[in-house]
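Below is one structure, written out as structure tokens; comments come after it.
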Amino acid sequence: DAKTTQPPSMDCAEGRAANLPCNHSTISGNEYVYWYRQIHSQGPQYIIHGLKNNETNEMASLIITEDRKSSTLILPHATLRDTAVYYCIVRESGGSYIPTFGRGTSLIVHP
Amino acid sequence: GAVVSQHPSRVICKSGTSVKIECRSLDFQATTMFWYRQFPKQSLMLMATSNEGSKATYEQGVEKDKFLINHASLTLSTLTVTSAHPEDSSFYICSAVRTGDDEQFFGPGTRLTVL
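Protein chains in written order, with the working numbering: chain F, 1 to 111; chain W, 1001 to 1115.
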């Protein structure tokens, strides 16, 4: 998997948008950007993924730069329950791959 | 949605005993499952890749004789921590790769405490 770089921690106020950046400058053309989050003492939870275009679902939006070297996960209205570690991963879709996790970003949403 | 379960969710055992952790894909088949270990305030570390019907592939530094993996069916993989010691205390997480679209789904984790 291509290496990703994320800030170790961020915080935001409840109700505000949380924008979590991820750098993946060595991403290859057939690799997708995946985001997961892990709430304390739970397994990782899938959030969203994309290849080139921006994506949105009920949880978040994913903005991928045109050169695909970086992306931003947006939680439009963060709540206290969004406090978690967020992991950005690049991987191929399909085929064999070894999913590895970096240190992620610890997001703290405060009242 | 696809669900992966783990059993038990937490276990406390004495040093020297063996502990088995089950990982099940409840509503899909998974030829491949992964086992991770996570120490406090650290990221998930891949331990091994479990393939149905074949031997597991272990990551460097993971003792295959200590962490026995059996992937006997398309919905079940087990991890047995043999002769557990306090340093094996950790959060163990499995994930299952859905056959067909290769999407990965994670279990809720198992907290192992070795006294």
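For glycine and all other residues, C-beta sits at the position ideal for the given N, C-alpha and C.
Of all the residues that make up the region 1102-1114 of chain W, which are near chain F by a beta-carbon distance shorter than 9 Å? 1102, 1103, 1104, 1105, 1106, 1107, 1108, 1109 and 1111
Cutoff 8 Å: residue 5 of chain F Cβ touching any chain W Cβ: Numbered from 1 along the first sequence, position 5 holds the residue referred to as residue 5 of chain F. So no, residue 5 of chain F is outside the interface.
Which residues DSSP lists as bridging residue 1039 of chain W, in chain order: Here residue 1039 of chain W refers to the residue found at position 39 of the second sequence. Answer by DSSP bridge pairing: none, since residue 1039 of chain W is not bridged.
Own chain residues within Cβ distance below 6 Å of residue 111 of chain F, not counting five before or after: The count along the first sequence starts at 1 and reaches residue 111 of chain F at position 111. Closer than 6 Å at the Cβ level, and outside the excluded window around residue 111 of chain F, lie 14.
Within 8 Å, strictly: CB atoms of residue 1028 of chain W and residue 1050 of chain W: If you number the second sequence from 1, residue 1028 of chain W lands on position 28. If you number the second sequence from 1, residue 1050 of chain W lands on position 50. In this structure, residue 1050 of chain W does not lie closer than 8 Å to residue 1028 of chain W by Cβ.
Distance between residue 78 of chain F and residue 46 of chain F (C-alpha atoms, nearest Å): Looking up residue 46 of chain F in the first sequence gives position 46. Looking up residue 78 of chain F in the first sequence gives position 78. Those two C-alpha atoms are separated by around 17 Å.
Going along chain F, which residues have a C-beta under 9 Å from residue 1039 of chain W? Mapped onto the second sequence, residue 1039 of chain W falls at position 39. Those do not exist, as residue 1039 of chain W stays about 12 Å from chain F at its closest Cβ, beyond 9 Å.
Quick check on the burial criterion: 16 or more other C-beta atoms within 10 angstroms. Buried or exposed for residue 1039 of chain W? As a working note, residue 1039 of chain W is residue 39 in the second sequence. It counts as exposed.
Let me see if you follow: with CB-CB separation under 8 Å, is residue 29 of chain F close to chain W or not? Translated into the one-based positions of the first sequence, residue 29 of chain F becomes position 29. No, residue 29 of chain F lies away from the interface with chain W (no Cβ there is under 8 Å from its Cβ).
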